[in-house]
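Trainee:
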Amino acid sequence: MSEPGYLSAARYGKDLVKVCRVVRDGTQHHVVEYVIRVLLEGEIETSYTEADNSVVVATDTMKNTCHVFAKTSPHVLDPPMFALHLGLHFVNKYDHIKKSFIDIISLKWSRISVDGQPHKWSFVRDGDEKGLVELAVDATKGVDAVTADLKVGLKDLLVLKTGGSSFEKFHRDEFTTLPEVADRLFSTSVALTATVTLPPNTPLTIDNLTSIAKELDFPTMTSLIRKDVLDTFATDESASVQATLYLTLQNILKSCPAIKDASMALPNKHYIAINLKPFGLDNGSTYEGGAEVFHPTADPSGLITATVTRK
Ligand SMILES: O=c1[nH]c(=O)c2[nH]c(=O)[nH]c2[nH]1
Numbered sequence: 091m092s093e094p095g096y097l098s099a100a101r102y103g104k105d106l107v108k109v110c111r112v113v114r115d116g117t118q119h120h121v122v123e124y125v126i127r128v129l130l131e132g133e134i135e136t137s138y139t140e141a142d143n144s145v146v147v148a149t150d151t152m153k154n155t156c157h158v159f160a161k162t163s164p165h166v167l168d169p170p171m172f173a174l175h176l177g178l179h180f181v182n183k184y185d186h187i188k189k190s191f192i193d194i195i196s197l198k199w200s201r202i203s204v205d206g207q208p209h210k211w212s213f214v215r216d217g218d219e220k221g222l223v224e225l226a227v228d229a230t231k232g233v234d235a236v237t238a239d240l241k242v243g244l245k246d247l248l249v250l251k252t253g254g255s256s257f258e259k260f261h262r263d264e265f266t267t268l269p270e271v272a273d274r275l276f277s278t279s280v281a282l283t284a285t286v287t288l289p290p291n292t293p294l295t296i297d298n299l300t301s302i303a304k305e306l307d308f309p310t311m312t313s314l315i316r317k318d319v320l321d322t323f324a325t326d327e328s329a330s331v332q333a334t335l336y337l338t339l340q341n342i343l344k345s346c347p348a349i350k351d352a353s354m355a356l357p358n359k360h361y362i363a364i365n366l367k368p369f370g371l372d373n374g375s376t377y378e379g380g381a382e383v384f385h386p387t388a389d390p391s392g393l394i395t396a397t398v399t400r401k
């Protein structure tokens, strides 16, 4: 009997490859800790349709490659460049692999300050914030004509402001109960990705990676993105999550010329002023704010998302 369907998509790889790399620069140490996902596409159909494992680069081999590159790649401390190195490797090494997808989550190890001095080899996990890289490498037109879609970003950056946030003049109808507020708490967990324009005249090859790293300067780019997120959140007189989100993305496009679009997803983590009147206590006005005691609600949260693309 003929099969009712055909293989219309196939991609496979290793997820949650965890690796920590220490670079010892004399007694000054650097450390990164990554969670890597490697997925490959190419002429792999027969592994699904005919149980032909000859075309299967084992996912275990992909994991080993991450470990070997963590030792040998000159780009290991620069997550977007490390992703590019890995991604280009897979399409160069295996003729029948045409696309690679490398995602890297970077865990936060910040250098500890001792009496105001950065310590040479001691680090602290100061927050849940993670760095993000999402890379798609396309070598379907050959390894000399590789294109790539590279996104950098962050997630789980938790922020809260206790002033400079209102929500007024929103649409009202018979389903609306929310009062307008001129003063409220605003808290969110920032998730952001930004698409990077790769240097147009530099072919995407492993030999060109050092010049690409110099031109794009990801450490500076990612710290500018983070600074724009925090500065805009802190200083905007926020009329809504939507308006603050949009302003943040515009500021990122202003400060990072190599970014062609940026997207954010912001949960609005509601803090509700508790009614203390039954206890004879004043907990501020529901409109003008000034409340001091809040119930931090677990759910539901708002979820505000948008993308801003360079004109
Ligand atoms: O900034 C906000 N945007 C909304 O869309 C919204 N909706 C809501 O109930 N509160 C808020 N706050």
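Residues in the sequence shown are numbered from 91 upward in steps of one, following the working numbering. Even for Gly, the Cβ is constructed at its ideal location relative to N, Cα and C.
(1) Considering only heavy atoms of ligand 1, does any lie closer than 8 Å to the CB of LEU268?
(2) How about PHE213: is its Cβ closer than 8 Å to a heavy atom in ligand 1?
(3) Decide if GLU131 is buried, meaning its Cβ has at least 16 other Cβ atoms within 10 Å, or exposed.
(4) Where DSSP assigns a beta bridge to TYR102, which residues make up the other side?
(5) Thinking C-alpha only, which one of THR376, SER200 and ARG101 is nearest ALA272?
(6) If contacts are defined as beta-carbon pairs under 8 Å, then ALA173 and LEU225 qualify, I think. What distance do you get, rounded to the angstrom?
(7) Looking at the strands, I want to know which residues DSSP matches up with GLN207.
(8) Quick one: complete beta strand (DSSP E) runs, 3+ long, within the region 205-275?
(9) Taking its Cβ as the centre, do 16 or more other Cβ atoms sit within 10 Å of SER144, making it buried, or is it exposed?
(10) Please identify the residue among LEU167, GLY221, HIS209 and GLU258 whose C-alpha is closest to the C-alpha of THR300.
(11) From which residue to which residue does the alpha helix (DSSP H) around GLY392 run?
(12) Is GLY392 close to ligand 1? I mean its beta-carbon at under 8 Å from any heavy atom of the ligand.
(13) How close, in whole Å, do the beta carbons of PHE213 and SER200 come, if the pair is a contact with beta carbons under 8 Å?
(14) Hey, how far is the Cα of LYS104 from the Cα of THR151?
(15) In terms of alpha-carbon separation, which member of TYR184, THR312 and GLU258 lies closest to GLN332?
(16) Note the first and the last residue of the continuous beta strand (DSSP E) segment covering SER196.
(17) According to DSSP, which residues form a beta bridge with VAL319?
Mentor: The answer reads as follows:
(1) yes
(2) No, the Cβ of PHE213 stays beyond 8 Å of every heavy atom of ligand 1.
(3) buried
(4) Per DSSP, LEU130.
(5) Selected option, being the one with the closest Cα: THR376.
(6) Confirmed, about 4 Å.
(7) VAL204
(8) Listed in chain order, they are 207-214, 220-228 and 237-251.
(9) exposed
(10) LEU167
(11) For GLY392, no alpha helix (DSSP H) encloses it; the enclosing beta strand (DSSP E) starts and ends at 392-399.
(12) yes
(13) 6 Å
(14) 9 Å
(15) GLU258
(16) First-last of the beta strand (DSSP E) with SER196: 187-196.
(17) Paired residues: none, contrary to the question.
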